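I have placed the structure first, in the form of structure tokens, so that the comments after it can refer back to it.
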Amino acid sequence: MARWLVKSEPAKWSFAQQVEAGDAGTHWNGVRNHVAKQHLMAMRVGEECFFYHSNEGKAVVGVVEVIKPYYPDHTDETGKFGMVDLKAVRALPPVTLERIKREPRLAEMVLVRNSRMSVQPVTEAEWALVLELAAG
DNA sequence: GCCAACGTTGGC
DNA sequence: GCCAACGTTGGC
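Going by full-length UniProt numbering, the first residue of the first sequence is number 1, and it counts up by one from there.
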């Protein structure tokens, strides 16, 4: 099972809203980057992603699960991009970007190395460590 | 609010 | 097919 991280500006779509959407989930539309698209295409149903608040908060705040694999994004008029459906699994005590950057073993996280990647893979070790930090 | 990093667009 | 100009993201 691969692990992922998806980003959203809470002013546009927050984890609280994701929780409100319930088990029906929502489509993760709007990705317009080819590398991020590759990651979306690689997602399998049942795989989990960290939900990261960018700009405001700058922290991992929860876990979401893939409930529908890659399909066309109807909001993309070029027809090139797609999306997956995600549902909230659970909230996490926030793990801030600042905290992640202070952890040497997380120095290779895409979140640290390429701050603009909106959908990114997370290694098993990174996943476990961030959960550890969340647990305090 | 600024700006660095990076992706995309379009002229040539 | 190159690359300058431009737009966007997101940390600070």
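All residues carry an ideal CB built from backbone N, CA and C; glycine is no exception.
Nothing here was measured: the structure is a model prediction, and the numbers come from that model.
Worksheet item: Three or more beta-carbon pairs under 8 Å between the region 49-63 and the region 80-96, yes or no?
Response: yes
Item to complete: From the DSSP output, in three-state form, read off residue 105 for me.
Response: Within the first sequence, residue 105 is the residue found at index 105, counting from 1. Correct three-state label for residue 105: helix.
Worksheet entry | Alpha-carbon to alpha-carbon, residue 125 and residue 32 | Here residue 32 corresponds to residue number 32 of the first sequence, with the count starting at 1. Here residue 125 corresponds to residue number 125 of the first sequence, with the count starting at 1. In a straight line, the C-alpha of residue 32 is about 28 Å away from that of residue 125.
Item to complete: Return the residue from the list 57, 114 and 23 that minimises the CA-CA distance to residue 64.
Response: As a working mapping, residue 64 is identified with position 64 in the first sequence. The option with the nearest alpha carbon to residue 64 is 23.
Item to complete: Identify, in the order they occur along the chain, each residue of the same chain with its Cβ nearer than 6 Å to the Cβ of residue 9, setting aside the five sequence neighbours on each side.
Response: The residue labelled residue 9 in the question sits at position 9 within the first sequence. The residues are 54 and 55.
Worksheet item: Near residue 75, what residues of its chain come up, given a Cβ to Cβ distance below 8 Å and the 5 sequence neighbours on each side ignored?
Response: As a working note, residue 75 is residue 75 in the first sequence. The residues are 29 and 30.
Worksheet item: The alpha helix (DSSP H) with residue 20 in it runs from where to where?
Response: On the first sequence, position 20 is the one that residue 20 refers to. Taken as a continuous stretch (DSSP letters only), the alpha helix (DSSP H) holding residue 20 covers 15-20.
Worksheet item: The alpha helix (DSSP H) spanning residue 126 covers which residue range?
Response: If you number the first sequence from 1, residue 126 lands on position 126. Counting along the chain, the alpha helix (DSSP H) containing residue 126 begins and ends at 124-135.
Discussion item. Pop quiz: residue 18 and residue 88 are said to be a contact at Cβ under 8 Å. What is the actual Cβ separation, rounded to whole angstroms?
Written reply: Walking along the first sequence from the start, residue 18 turns up at place 18. Walking along the first sequence from the start, residue 88 turns up at place 88. Confirmed, Cβ separation roughly 5 Å.
Practice prompt. Please classify residue 56: does DSSP put it in a helix, a strand, or coil?
Written response: As a first step, residue 56 is located in the first sequence; it is residue number 56 there, counting from the start. Residue 56 falls in the coil class under three-state DSSP.
Item to complete: Quick one: residues in its chain with C-beta nearer than 6 Å to the C-beta of residue 120, no 5 flanking neighbours on either side, listed in chain order?
Response: Taking the first sequence and counting its residues from 1, the one referred to as residue 120 is at position 120. Excluding residues within five positions, the ones whose Cβ falls inside 6 Å are 5 and 110.
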